[in-house]
Structures are given as C-alpha cells and as structure tokens.
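Enquirer: Plus 18 on top of the position in the sequence shown (first one is 1) and you've got the numbering used here. Note that CB positions come from ideal geometry on N, CA and C, so glycine has one too. Computed from a predicted structure; not experimentally measured.
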Amino acid sequence: MFNDDFNDIVQNIIRSKKYKGLYKKTIEHNVKRCLEKYGKKQAERRARKILHQIWSAYYDNKPNFKHIYESFIDKLGINNVTESEIKERIIKILSIQSSTCERITILDNFYKQIFAVTGKPSSIIDHACGLNPLTYFWMNLDSDVKYQAYDIESDLIWFLNSIFEFCKLDNIEAKLGDVLIDEFGYADVVFMFKLLPILEQQEKGSSINVMKSLRCKYLVVSFPIKSLSGSEKGMREFYSNWFKKTIESEKWKFEEILFNTELVFVVCF
Ligand SMILES: C[S@@+](CC[C@H](N)C(=O)[O-])C[C@H]1O[C@@H](n2cnc3c(N)ncnc32)[C@H](O)[C@@H]1O
19 MFNDDFNDIV QNIIRSKKYK GLYKKTIEHN VKRCLEKYGK KQAERRARKI
69 LHQIWSAYYD NKPNFKHIYE SFIDKLGINN VTESEIKERI IKILSIQSST
119 CERITILDNF YKQIFAVTGK PSSIIDHACG LNPLTYFWMN LDSDVKYQAY
169 DIESDLIWFL NSIFEFCKLD NIEAKLGDVL IDEFGYADVV FMFKLLPILE
219 QQEKGSSINV MKSLRCKYLV VSFPIKSLSG SEKGMREFYS NWFKKTIESE
269 KWKFEEILFN TELVFVVCF
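See the structure below:
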C-alpha cells in the first residue's frame, strides 16, 4: 500500500509542468519522508511545498533555459568574442536567480577574498550550484582547475554545460546530484553557497552531517543577509550565530568574511 501511494505521488509530481525537470531521486526522497511523517492524505501537498521551497522559490518565473541560451550565443562568435562581452552577457543571466543576482555587485572581490584564505585550488565542487558556476569567469583560476557542479534540475544542468561547451571550457562539468542523497568525490575546495538553510528545511539537523561527510581541504559556505522580500530582519547575526553553534563541537578552524550582500565562512578541515 505504501509503495502504491509512493509511486502514485511520485508520478503525479514528475508529470506536473512545474517539477518535470527535477532530479527523480530528490522527488522520491522527499515523497518518502512526507509519507512517513504525514501519511497518505497530506504527503503530496507537503512534498510539493518542500520542493517549491528548495528550488523554485528562488526564481520569479521558471526560466526557459533554451531561450536564455539562444540569446546568450546570439551573434556571439566564440573565436572573436572578448572576455568582457561574455561577462556582460553572463551578468544578465546571473540576475534571473535571486542568489546569484545578490552576488553581482560583490563579484570582483568575492573570490579574491575567498581564495586568499584557501589558496588557489586545483579542484572545486560546487554543491546546489544554481547559476553560480557562471561566476567562474570572475574566479581567475588556472585553466586546468577541475570544477564540478551539482544541482537537482536537469534543464539547469543542460544549460550550464551548453554555456561551458560554447566557451570551450572542458574543465567544468555540471551534473545532477543531491547533496543529501548522493556520494561525492574529493575536491580541494567545496562551495555550499546559500545552501544550509535549505537543507534544514528539507531535514532539520542535516547540515552538520553533510558537512562532516565532505572530502575536501576547505569548505566555503555562505548565507543571505536579506530575505527574498529584501528586508534585513537581523539575518546576519542570526546565521552567524547559528553556523558557529552548529559546528561548535567539531572544533574546526574557520574565517568569517562579511560582504555587502552575503555572509561567508571558510572552514579549514
Ligand atoms: C538558494 S539557491 C543557491 C544557488 C547557489 N548555490 C548560489 O548561491 O548561487 C539553492 C539551490 O539549491 C538547490 N538545491 C536545493 N536542495 C538541494 C539538494 N538537496 N541537493 C542539491 N541541490 C539542492 C536548488 O535547486 C537551488 O539551485
């Protein structure tokens, strides 16, 4: 009976226009948890609510990545395009998602300050990456750095890979991957930008377990300091205290960096 309900709900969600591109494992994982916690009657509504919170709340409208890609490459010949032309077009794309939109004004300093702590990495994993891999153009890394990006939406993954292929950057790859479910390899630096609050919405207390399971030298986490509606509501103090408390028992060394629009912690394992 549980299995029938489970399959029905998963199929209903996968078939819906809004969630059809979402990673199947993520849908299954959340449906299973909601069925166990709330029972058959409420499970689908609760699972849809969680999926909305963790993914679509960050876009004003669900982006049409095919159109965005077409306008990105429009009249752009990769052999004679300048880096500043690429950056100009990328900035327009970063603005469609709230997390990367808030990062645009600090990009020139963002990675300079982070890599001043970690040193220049040879490998990076960007978990729950959203559009952030496109900020690669501001990272000033060596061309052989291995950059792996993971998220739970297939259209986004296709889009990122298409842009990098167009720019002839074969050291960067985006893949489907759920940080709460899948296993990941080693990287010098792991990014988990604006992710921990979303993990807590999915499973309270999961952030510390995810952080402990990472295989890396440095972890860079960040937090928004304004809500999606733009108000400040003491978020900086709240997340700063919450993060320090969450990792307190691990005795990890860390540095806190406050940017105008984002709070960053660089943890050294
Ligand atoms: C607030 S956005 C942050 C995007 C990006 N890290 C940034 O700061 O620009 C949250 C992202 O997390 C992804 N996400 C949510 N839950 C996830 C999970 N369990 N595993 C992997 N990605 C997840 C969503 O699809 C979305 O792209």
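Need the endpoints of the beta strand (DSSP E) that residue 26 sits in, please.
Expert: Unbroken run through residue 26 is the alpha helix (DSSP H), 20-33; no beta strand (DSSP E).
Enquirer: With DSSP run on the structure shown, which of helix, strand or coil describes residue 177?
Expert: helix
Enquirer: Going by other Cβ atoms of all chains shown within 10 Å of its Cβ, with 16 needed for buried, is residue 106 buried or exposed?
Expert: exposed
Enquirer: Going residue by residue through the region 199-242, where are the continuous beta strand (DSSP E) segments of at least 3 residues, counting only ones entirely within it?
Expert: The region 199-242 contains these whole beta strand (DSSP E) runs: 205-211, 234-242.
Enquirer: Three or more C-beta pairs closer than 8 angstroms, one from the region 228-247 and one from the region 129-148: is that the case here?
Expert: yes
Enquirer: Between the Cα of residue 109 and the Cα atoms of 285, 225, 272, 150, which residue gives the shortest distance?
Expert: Taking the Cα of residue 109 as reference, the smallest distance to any Cα among 285, 225, 272, 150 is reached at 150.
Enquirer: Does chain B have any CB closer than 8 angstroms to the CB of residue 209?
Expert: The question asks about chain B, but that chain is absent: this structure has only one protein chain.
Enquirer: For residue 122 and residue 139, I'd like the C-alpha separation in whole angstroms.
Expert: 22 angstroms
Enquirer: On the criterion of 16 or more Cβ atoms from any shown chain inside 10 Å, does residue 57 qualify as buried, or is it exposed?
Expert: exposed
Enquirer: Comparing the CB of residue 213 with every heavy atom of ligand 1, is any distance shorter than 7 angstroms?
Expert: It does: the Cβ of residue 213 is within 7 angstroms (strictly closer) of some heavy atom of ligand 1.
Enquirer: Out of 283, 286, 277, state which residue places its alpha-carbon closest to the alpha-carbon of residue 128.
Expert: Nearest C-alpha to residue 128: 277.
Enquirer: Should residue 224 and residue 217 be called a contact, given that it needs their Cβ atoms to be closer than 8 angstroms?
Expert: Their beta carbons are under 8 angstroms apart, which means residue 224 touches residue 217 by this criterion.
Enquirer: Could you tell me the distance, in whole angstroms, from the CA atom of residue 98 to the CA atom of residue 186?
Expert: Per the coordinates, the alpha-carbon of residue 98 lies some 13 angstroms from the alpha-carbon of residue 186.
Enquirer: Rounded C-beta distance between residue 69 and residue 94? I'm assuming under 8 angstroms.
Expert: Rounded, the Cβ-Cβ distance is 34 angstroms, inconsistent with contact.
Enquirer: Count the other CB atoms within 10 Å of the CB of residue 52; is the residue buried (16 or more) or exposed (fewer)?
Expert: buried
Enquirer: When burial is assigned at 16 or more other CB atoms within 10 Å of the CB, is residue 154 buried or exposed?
Expert: buried
Enquirer: To the nearest angstrom, how far is the alpha carbon of residue 164 from that of residue 190?
Expert: 6 angstroms
Enquirer: Alpha helix (DSSP H) containing residue 49: first to last residue?
Expert: 42-56
Enquirer: Examine ligand 1 and report whether any of its heavy atoms sits within less than 7 angstroms of the Cβ of residue 216.
Expert: Answer for residue 216: yes, Cβ within range of ligand 1.
Enquirer: Given residue 226, which residues of its chain have a CB within under 6 angstroms of its CB, disregarding the five upstream and five downstream residues?
Expert: Hits under 6 angstroms: 264.
Enquirer: If contacts are defined as beta-carbon pairs under 8 angstroms, then residue 37 and residue 45 qualify, I think. What distance do you get, rounded to the angstrom?
Expert: 7 angstroms
Enquirer: Could you tell me the boundaries of the beta strand (DSSP E) in which residue 273 lies?
Expert: 271-276
Enquirer: Are residue 112 and residue 174 close, meaning C-beta to C-beta below 8 angstroms?
Expert: no
Enquirer: Would the C-beta of residue 179 count as close to ligand 1, meaning under 7 angstroms from any of its heavy atoms?
Expert: no
Enquirer: Between residue 258 and residue 281, is the Cβ-Cβ spacing less than 8 angstroms?
Expert: yes
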